[in-house]
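Below you'll find the structure, written out as structure tokens, and then a few comments.
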Amino acid sequence: MSASDSSSSLPVTLDSINPKVIKCEYAVRGEIVNIAQKLQEDLKTNKDSYPFDEIIYCNIGNPQSLGQQPITFFREVLALCSHTALLDESATHGLFSSDSIERAWKILDQIPGKATGAYSHSQGIKGLRDAIAAGIEARDGFPADPNDIFMTDGASPGVHMMMQLLITSEKDGILCPIPQYPLYSASIALHGGTLVPYYLDEASGWGLEISELKKQLEDARSKGITVRALAVINPGNPTGQVLAEENQRDIVNFCKQEGLVLLADEVYQENVYVPDKKFHSFKKVARSMGYGEKDLALVSFQSVSKGYYGECGKRGGYMEVTGFTSDVREQIYKMASVNLCSNISGQILASLIMSPPKPGDDSYESYIAEKDGILSSLARRAKTLEEALNKLEGVTCNRAEGAMYLFPCLHLPQKAIAAAEAEKTAPDNFYCKRLLKATGIVVVPGSGFRQVPGTWHFRCTILPQEDKIPAIVDRLTAFHESFMEEFRD
Amino acid sequence: MAIKALDYDTLNENVKKCQYAVRGELYLRASELQKEGKKIIFTNVGNPHALGQKPLTFPRQVVALCQAPFLLDDPNVGMLFPADAIARAKHYLSLTSGGLGAYSDSRGLPGVRKEVAEFIQRRDGYPSDPELIFLTDGASKGVMQILNCVIRGDGDGILVPVPQYPLYSATISLLGGTLVPYYLDESENWGLDVNNLRQSVAQARSQGITVRAMVIINPGNPTGQCLSEANLREILKYCYNEKLVLLGDEVYQQNIYQDERPFISSKKVLMDMGSPFSNGVQLVSFHTVSKGYWGECGQRGGYFEMTNLPPRVVEEIYKVASIALSPNVSAQIFMGLMVSPPKPGDISYDQFARESKGILESLRRRARIMTDGFNSCKNVVCNFTEGAMYSFPQIRLPPGAIQAAKQAGKVPDVFYCLKLLEATGISTVPGSGFGQKEGVFHLRTTILPAEEEMPEIMDSFKKFNDEFMSQVIRRVKKKTEKEKNWRRSQLIKILSPVKCPVTMVEKPEKEEEEECTTPKAEQFRIPQPLECPRAPKPKRRRGGDHSSLVAPTISFQTL
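So the sequences go chain by chain: A and B.
Read in this note's numbering, the first sequence has 284 at position 284, and its numbers run on one by one without any break.
Read in this note's numbering, the second sequence has 604 at position 115, and its numbers run on one by one without any break.
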């Protein structure tokens, strides 16, 4: 590359790009991951470079990269829709389940001209939105309108769209949980708004206290910030808690009273691992309180990347937008239309996860077996890892009630903190780097999600295949013991 | 009840300002009519498969196998798929880490980026670095990422051709930047005159705008022209002298319908020019799977290649890409297939060559039928579609039509296009959605309707147009006199383009609001060259304007 950074003769240099771009951070793919990729390259050339033979990526909720298999039925339908000529071949009946063929026909009939290679309506193909609305209705017991559904390339573009809509300047604030999934902080930074933090209470299993919301809201208002929305991630990322229905009612009332848009990140709705908790959508909670369109502006995000399906690479998702006036809705539609539409196979998959095979369908048995197999294995992995973490000296870890992550708290010795400072890095970053270099395990430092100042955490996914979990536990335990040995005060 | 959470007044002003005509009023009306059972010919979006173009077989076979990799283990897979599709599916799956269901590198699969780099190298004869190629969900996402990086506030200007593809105006508006228009010269088959650029830039600078980047669309959308090598050299030299990043929208590079001016990439011309240009001009070029003979719009696949961007800027762009995690993986594979299609000798080669050639040759014939058809109509003149997918005829609306439009509360070309839609079912986009000179009206159609339907479509267009023209002409009193004057004034306008950037004025009338899906109609006005007024400072809801600059807001006619 001939252009050097200091070259001021070029129109675009680091000094002259949008400062909001420089400001935003996204730790899930930050420094630690870059080091990991380098180590992986080294291992390819020399197997004996490090005391481990592979990198184990626990940094990102990307299940299929760690060996999780896709749900067969979904993929059958997608393959048939990708190459529709298959539907005319008799040999297809030998290779595909009969209900996948039926479903592919049904979906193609909903696409004008059966053209899966065409741009669709900017909100997504109407027939697919009908299926999603029906799925929401079946889940919640309250009606859903396909015109409220905006299909997106994964859930993230929906979050961006809402931030774009809500944020004009740094005077506009968005209440976000701390710790939070950094999509929120990054998106707020990119759009030039202010993140108004509310702290989840680690001592009560990452509880969300209304008193904390009120306190932070008032504090922000006293600084001249107009708080526009409240983001809630349920089940929590990175914190893994599942909100109680009672708590959700309080949140709904709070938003209604304070005039806040409720941004409900519900992408982990299928990932609940404990019998004493159940996922309730905010829409269902609001409707069961008797609140309708006029009472609450609510956006619910869903994705094909999580759940038992874990189809991250498809970039499918949707947001259900309720409680907005029609002129605002038109603006959302316009923003969606600038990007033309989301990808069609992602759209098809989003409709499939909301309308999976039913009892009696040809694929039902195998579908249920695959789904239950994945979810029960995730529950076991969550439990094993949580127990192992809690056995470590100076580590406490709340259980993962849902989602895909554990977020243990590290009570680090002063010596370790001093050593981190000497390296000009945050103590949790220091720990995670050490962990990576000693074991090949990639986790994300808590700083990337933000945390109560003075506390240190890391986020670890529960996604490595089950047969690898014991080895991970062993390596992690051995590393932690030697780390404490080295730095114990 | 308490405070309203979000109403129209409290929305981000940049969102409200942003306009996107391709899916505006005309499209919505067409959808309504379709629901009522009327046959609609959608020529508003370059969406070939929606108009019956069949997907190429080979790439669909490969992607179907990648969707259902368990088929690869089935002994009967050979009954449904040719061996080269099976081999290619295995190849692409091996480039992923977990198949189509896993996030890839945020820049796209390294293996596919390598194939893209090899394609660029074959095309241009110069090396290309996969590390400087990012795959995206369609080219639009890439344009947004780059503009987001460039635009700091309304003091930053982006040079955009007028007429332009409204992605640019919409994105610049969303990002709060300033669009600096430069006019393409219709009388020179939409040629790009560098003198024109100079005037636009001088004008913008006199208003305190820092012009940072220039967009070219080659082949042109909606204008269909192919830029010559000499013209590209001039442009690159200009960018070098003025320190502008060049954004080369080259998504129509496969769509060429004449032999005199083949597509030549900006990168190749830049490299041919040698130092100091080849290492001094920053260039980002965009490509997609949505156009060409592929037309795979629904996949949302694209890439951009960066030239001469400093590594640390590339890192920042990577960081922003990483927030979106990764582009969709099946479209990445489509991109891989597009840049490395079957080769002679492969089992699928003959079929692939036959299909792609068939599509391109038919498009070439359709481009001709359409241009000729428009030129046979009363008060319609149309440049030949040298490339891309569109025809952009000028509709010379007589005063009677303009008056009738005014009475209906419509912009004249919107009025015309609505009448056309109601009468014939042909759904077009009015020229005002792309920007055009004041008093000159166009419409954009794609050349994509099926070839066998083309004569009938052009007949029904001609019938409508000629009736429309005679009706409105009849309505005007003293018609001959006025017609003559009008024709003369139009002629002058066409021969001597006003070389001054447009500024926007708020439209005083309110009548738009009843009809429009997007609010606050605003209109172009072309001021006299020496009397360009400073544009009104855009209204701000409240604080938060980071810039003290008074920037002209440029916006496109509401549809």
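All C-beta atoms in this analysis are idealised placements derived from N, C-alpha and C, irrespective of residue type, glycine included.
All values derive from a computational prediction rather than experimental measurement.
Backbone CA spacing between residue i and residue j [nearest angstrom]
i, j, result
"residue 702 of chain B", "residue 634 of chain B", "14 Å"
"residue 74 of chain A", "residue 681 of chain B", "50 Å"
"residue 314 of chain A", "residue 304 of chain A", "7 Å"
"residue 334 of chain A", "residue 867 of chain B", "35 Å"
"residue 130 of chain A", "residue 620 of chain B", "42 Å"
"residue 538 of chain B", "residue 847 of chain B", "15 Å"
"residue 163 of chain A", "residue 144 of chain A", "23 Å"
"residue 978 of chain B", "residue 952 of chain B", "Below a pLDDT of 50, predicted positions are generally treated as unreliable, and residue 978 of chain B, at 49, falls in that range; the measurement from the model is reported next regardless. For residue 978 of chain B and residue 952 of chain B, the distance between alpha carbons rounds to 26 Å."
"residue 698 of chain B", "residue 686 of chain B", "15 Å"
"residue 364 of chain A", "residue 282 of chain A", "29 Å"
"residue 864 of chain B", "residue 713 of chain B", "16 Å"
"residue 238 of chain A", "residue 434 of chain A", "21 Å"
"residue 446 of chain A", "residue 610 of chain B", "43 Å"
"residue 168 of chain A", "residue 218 of chain A", "20 Å"
"residue 1021 of chain B", "residue 643 of chain B", "Note that residue 1021 of chain B has pLDDT 31, beneath the 50 cutoff, so the model's placement of it is unreliable and no number is given."
"residue 321 of chain A", "residue 613 of chain B", "47 Å"
"residue 269 of chain A", "residue 950 of chain B", "52 Å"
Residues sharing a beta bridge with residue i, DSSP
i, result
"residue 409 of chain A", "A:396, A:457"
"residue 672 of chain B", "B:651"
"residue 318 of chain A", "A:151, A:302"
"residue 623 of chain B", "B:793"
"residue 178 of chain A", "A:199"
"residue 870 of chain B", "B:883"
"residue 207 of chain A", "A:201"
"residue 680 of chain B", "B:674"
"residue 774 of chain B", "B:737, B:794"
"residue 472 of chain A", "Answer by DSSP bridge pairing: none, since residue 472 of chain A is not bridged."
"residue 353 of chain A", "According to DSSP, which records beta bridges pairwise, residue 353 of chain A is partnered with nothing at all."
"residue 56 of chain A", "A:441"
As assigned by DSSP and simplified to three states, the class of residue i
i, result
"residue 531 of chain B", "strand"
"residue 240 of chain A", "coil"
"residue 645 of chain B", "strand"
"residue 19 of chain A", "helix"
"residue 194 of chain A", "strand"
"residue 364 of chain A", "helix"
"residue 661 of chain B", "helix"
"residue 173 of chain A", "strand"
"residue 477 of chain A", "helix"
"residue 876 of chain B", "strand"
"residue 26 of chain A", "coil"
"residue 581 of chain B", "helix"
"residue 332 of chain A", "helix"
Own chain, CB closer than 7 Å to residue i, minus 5 neighbours either side, in chain order
i, result
"residue 825 of chain B", "581, 601, 604"
"residue 529 of chain B", "519, 522, 523, 914, 916"
"residue 103 of chain A", "77"
"residue 118 of chain A", "none"
"residue 135 of chain A", "354, 355"
"residue 589 of chain B", "555, 556, 818, 819"
Nonlocal neighbours in the same chain, by C-beta distance under 8 Å from residue i, ignoring five residues either side
i, result
"residue 294 of chain A", "323"
Beta-carbon proximity list for residue i, same chain, < 6 Å, skipping 5 on both sides
i, result
"residue 704 of chain B", "649, 657, 736"
"residue 375 of chain A", "308"
"residue 256 of chain A", "295, 296"
"residue 630 of chain B", "none"
"residue 382 of chain A", "273, 400, 462"
Cross-chain neighbours of residue i in chain D, by beta carbon under 7 Å
i, result
"residue 26 of chain A", "Looking for chain D here will not work: the only protein chains present are A and B."
Any non-hydrogen atom of the ligand HEM within 6 Å of residue i CB
i, result
"residue 799 of chain B", "Judged by which ligands are present, the structure shown has none, so any question about the ligand HEM falls away."
Mind listing, in chain order, the continuous beta strand (DSSP E) runs of no fewer than 3 residues lying wholly within the region 695 to 760 of chain B?
699 to 706, 734 to 738
Worksheet item: Residue ranges of each alpha helix (DSSP H) run of no fewer than 4 residues wholly in the region 797 to 856 of chain B, ordered along the chain?
Response: 800 to 812, 818 to 828
* Quick one: complete alpha helix (DSSP H) runs, 4+ long, within the region 111 to 147 of chain A? -> 126 to 140
Point to revise | Every unbroken alpha helix (DSSP H) inside the region 886 to 946 of chain B [4 residues or more] | key: 888 to 896, 901 to 913
Practice task
Enumerate, from N- to C-terminal direction, the unbroken alpha helix (DSSP H) stretches of 4 or more residues contained entirely within the region 417 to 464 of chain A.
Solution key: 427 to 439
For a minimum of 4 consecutive residues, which ranges assigned as the alpha helix (DSSP H) are wholly contained in the region 219 to 304 of chain A?
245 to 258, 282 to 288
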